[in-house]
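If you count the sequence shown from 1, position 126 lands on 158 in the working numbering, and the numbers rise without skipping.
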Amino acid sequence: MRAKKVSEQLVRIGVLQNLDKVLQQFGLDSEAELASLDMNTSMLQDGELLTHASNIGAVLEHCAEITGCPDFSLRLAAAQDLSLAGVLALFLQTASTLGEALQEVCRYNHVHHAQPVIWRLQDLGNVAT
């Protein structure tokens, strides 16, 4: 079985959390812009919907173009919170240490991604790899 290209992998649409609000900050009609991308605000509210990573890239490129803001993706990231991680956010919020949070990410990454990356955390005393 061949590995899927990143562009073919399915990701949660939750990574676009608050896209409509950021578009509005640029004075754009977010409903119209989302419609031009075959999307709507209700899709953004259901962060568990899956789409191809290439679709996310196309949305971000389109938004950077229409806003004239090459760092649009960074502005969107600044408008997001931990809830974009879905169920995985619960584990991150309840971890008592960074090491515990990383272990939970490794253990439950499959819940967050349709085609998860296999993570391995190795504790070397004062260093983790």
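Virtual Cβ for every residue (Gly too), placed ideally from N, Cα, C.
On a predicted model such as this, the values are computed, not experimentally measured, just so you know.
| Query | Result |
| --- | --- |
| Return yes when at least one heavy atom of the ligand GTP lies under 7 Å from the C-beta of GLN49, else no. | This structure lacks the ligand GTP, and indeed carries no ligand of any kind. |
| Using a threshold of 8 Å, state whether the C-beta atoms of ARG107 and GLY79 are closer than that. | no |
| Starting from VAL119, trace the alpha helix (DSSP H) in both directions and tell me its first and last residue. | 119-126 |
| Closest to GLN77 by CA distance: which of LEU66, TYR140, SER86 and HIS84 is it? | LEU66 |
| Just the Cα atoms here: how many angstroms apart are PHE104 and HIS84? | 20 Å |
| Quick check on the DSSP output: what are the complete alpha helix (DSSP H) runs of length 4 or more inside the region 42-116, in order along the chain? | 51-57, 62-68, 73-77, 85-99 and 104-110 |
| So which of ALA133, HIS94 and SER86 has the shortest CA-CA distance to LEU51? | HIS94 |
| Considering only the alpha carbon of each residue, which of LEU81, CYS101 and ILE88 lies closest to LEU55? | CYS101 |
| Express the C-alpha separation of VAL47 and ASP155 in angstroms, rounding to a whole number. | 29 Å |
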